[in-house]
Each structure stands twice: as structure tokens, then as C-alpha cells.
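In my numbering, the protein residues as written are 2 to 407.
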């Protein structure tokens, strides 16, 4: 039995796959993992070994875009998921009943992914024997028509332009023949352990390829991600005015995800800490800008218009002669929006869509029904659940236990 991202369920008979290195997917894995090999991408393999201390002999690193023989006439192929480094979409090619297309059946497990039109050109779809996609296990994080955030390119460009404009506002004046900074901006960007690297690259480019300051721990992780731009990252606190902090430090979403609540206390503490390392008082920062790139913040478009690409919040009750603090939420997401999910399903035309992200007390059928006009209803009705998971292939079927958001 093939199991994807379900490591809480331990069984030596399972063949385990990890779609990417985010905690909600690798929950259950630790250095004492007891249940056999974990199959994943090469980047994810490095992180399992270095960060979770999984014994190397239990980690099987598989290449992208190659058909991998799993035995018993079962195969898998990894496609770049356009999510975080090392994230993959898994295409399983399995034997099926004699009445199936060419005697094969295909199941797509998306893990977490951000759809891009280039995915339709992926060579894996045209592999011989072709096989019809019978089921898509879909990343339904944003499976709601209200999520209409723009493409990553549009958002990263907007972030770069925003930061460049704010930093261009920094000014200085001369006094007693010396140059003193009148306004100097500290930019702080929140990111996951891995993910959001495209945002950091665009900010660096927008500021003439400036260094991005990270901790030593963060730099050690970045060095394992095969980034062609790894040289932009520095552990020297004074290397630039752009710093990275862990996700959640700048604030958190209000219950229901309708509003971002800045953590002004942390912003002030981080601002003071960085300034404490600057010897010349006249060279210290006078303004703090925090950037929070997440699709969850895009509800502000209902209030500020669909063309809005960021939302600014200013710390209240700031004296005019004190440092200023702002945060910007930007609708950058590494998950597919609703329209992109439908485009992906329209392309594959599976017999069935199974959601892998279902809110607590949510109804999986409700999510599946959002694609009922796009699935191949003739195959879906003809086979039904028993046909898709028939007794003949139970011993080698793909199993996924849907994640439930708490």
C-alpha cells in the first residue's frame, strides 16, 4: 500500500512518500522513525536527514521527471509542485482491472502545489502507456471562489517595487560637516523554514542585488535547497537593511483568516535589537517595515478592491518623534487559488477529485462537488468507489488519509 503524507499511521507494510518538507505533512517522522523507507525528492531527503535526523538508510531520494519502478508493475513519477523547494506532485501508474484504459490506472497526488500553465506540458502526462487519470488527490487549501489572489510573478514584482519605493524615501542631512541619517528603513520579511524564497530574491533584485540577512540556522537550510541565488544570503547582521524572521513572528491571522494581527511587541523588540548592534547613533534605523507574504490575507481585496496588491497597517498611537512601524500583508501564495485548481482539473479530467485539506467539521463531498462539471462523469458513474479501489488492487492501492486542519 502506498501512503502519502500520513506518517502518524505506522505500518511496516506501507510504502511511504513525503511530498515536501513542511511540518503539517511530515508529522509523525522523527529520528526514531520505525516503519521503513521514506520516498521523497532529493532536496526533501537532505532536510529529513539534517533537520529531523532520520537515519539516511531510511530515506530514498528520487529524481524529478523520471519513471521510477516500485515493483509489482507499479510506477511513480515526481513533478515539481511549484510550492517550496523539493515539493513534488506524485503521479502513480498502477495496474487495474482489465476493463480499465490499457489495463492501467493513474492517480495524481498533489501534496501542496501552485498550479502553473506549464504543468500541462509536463512530459509525464504523455508517458507510454498513457493511462487515464482516475483520481486527483487535490490540495484544497484555497478551494473557495473568494480566493482570487494573483500569480506569483505579479505579486513578487509588486513586493519588490513596494520595498524599493519605501527604501528610496530614506533621506539624510548634513550637520557639522558629517552625514547623518534622517530616515533609515529596516525591512523584515517573514518566511517558513522553507518557502517564500522567490519573494526574498525579488526584494534583493529590487534593491540592486542587496544581501538578505538570515540566521546561521536559516542559511544552513537554504544551502540545501539547490538555489542558484544562494549567494544573496548573508549571516552578517550589518550586511544590509533586509532581514528574515521566522513565520508567525510579525503577527498572526485572526480566527477565520479574515484579518492579520501584527505583533507590534516583537516588531519593537527586533527593531531595538538590530539598532543596539549599530555603534553610531546617527546610523540607526528610524522606520520598521514588516512584510507578510501569504494568500490568507487576500480577503482585504473585498474592502480595498481587487486590484490591491498589499495592505498596510501602521502601529497606532505612535508619537511623531518616535520610530514608525508598518506591516504589509501581500497576497503571495504557494498554494493554488480556486481558479487554478479548476484549470488543473479541467486539464486532467479525472473520474474523481478527493480533497486533501478539509477544514475541521468540513464536508469533503462539498469540496469534490466544486469540480463535478469538470470530471469525466461517465467513468465516475461507471466505476464508482468500488471500481476505483477494487479488491484486485487493494494490496497496492494508493492510500491517503486526508489532513484535517485544527
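Ideal placement from N, C-alpha and C gives every residue a C-beta, glycine not left out. No experiment lies behind these values; they were computed from the predicted model shown.
Go ahead and pull the three-state DSSP assignment for residue i.
| i | result |
| --- | --- |
| residue 153 | helix |
| residue 192 | strand |
| residue 84 | coil |
| residue 314 | strand |
| residue 168 | helix |
| residue 335 | coil |
| residue 76 | strand |
| residue 30 | coil |
| residue 221 | helix |
| residue 120 | helix |
| residue 237 | coil |
| residue 62 | strand |
| residue 288 | strand |
| residue 260 | coil |
| residue 360 | strand |
| residue 227 | coil |
| residue 294 | strand |
| residue 353 | strand |
Cβ of residue i within 7 Å of Cβ of residue j?
| i | j | result |
| --- | --- | --- |
| residue 87 | residue 22 | yes |
| residue 288 | residue 276 | no |
| residue 337 | residue 115 | yes |
| residue 82 | residue 125 | no |
| residue 200 | residue 245 | no |
| residue 145 | residue 339 | yes |
| residue 291 | residue 332 | no |
| residue 110 | residue 91 | yes |
| residue 39 | residue 16 | no |
| residue 161 | residue 204 | yes |
Specify, as a first and last residue, the run of the beta strand (DSSP E) that residue i falls within.
| i | result |
| --- | --- |
| residue 327 | 325-331 |
| residue 10 | Careful: residue 10 lies outside any beta strand (DSSP E) and carries neither H nor E. |
| residue 139 | 134-139 |
| residue 1 | The question about residue 1 has no answer, for the chain in this structure spans 2 to 407. |
| residue 18 | 16-18 |
| residue 108 | 105-110 |
| residue 254 | 252-254 |
| residue 96 | 89-96 |
| residue 245 | 243-247 |
Return the first residue and the last residue of the alpha helix (DSSP H) that residue i is part of.
| i | result |
| --- | --- |
| residue 273 | 265-277 |
| residue 339 | 339-349 |
| residue 198 | 198-207 |
| residue 369 | 365-370 |
Report the CB separation of residue i from residue j in whole angstroms; it is logged as a contact under 8 Å.
| i | j | result |
| --- | --- | --- |
| residue 250 | residue 159 | 22 Å between Cβ atoms; not a contact. |
| residue 30 | residue 48 | Contact flag wrong, Cβ pair sits at about 11 Å. |
| residue 261 | residue 293 | 6 Å |
| residue 135 | residue 362 | 29 Å between Cβ atoms; not a contact. |
| residue 156 | residue 243 | Not a contact, Cβ separation roughly 17 Å. |
| residue 63 | residue 32 | Not a contact, Cβ separation roughly 22 Å. |
| residue 85 | residue 196 | 4 Å |
Can you find a CB in chain D that lies within less than 7 Å of the CB of residue i?
| i | result |
| --- | --- |
| residue 185 | In the structure shown, chain D cannot be found, because there is only a single protein chain. |
Using only the heavy atoms of the ligand MN, determine whether one of them is closer than 6 Å to the beta carbon of residue i.
| i | result |
| --- | --- |
| residue 81 | You won't find the ligand MN in this model; it holds no ligand whatsoever. |
Are the stretch 5-12 and the stretch 59-73 touching by the rule of at least three beta carbon pairs closer than 8 Å?
Short answer: they don't touch.
Segment contact flag, the stretch 132-141 with the stretch 356-368, C-beta cutoff 8 Å, min 3 pairs:
Yes, since at least three Cβ pairs between the stretch 132-141 and the stretch 356-368 fall closer than 8 Å, the two stretches touch.
Is the stretch 213-231 touching the stretch 162-173 in the sense that three or more CB pairs, one from each, lie closer than 8 Å?
Judged by Cβ distances under 8 Å, the stretch 162-173 makes no contact with the stretch 213-231, as fewer than three pairs qualify.
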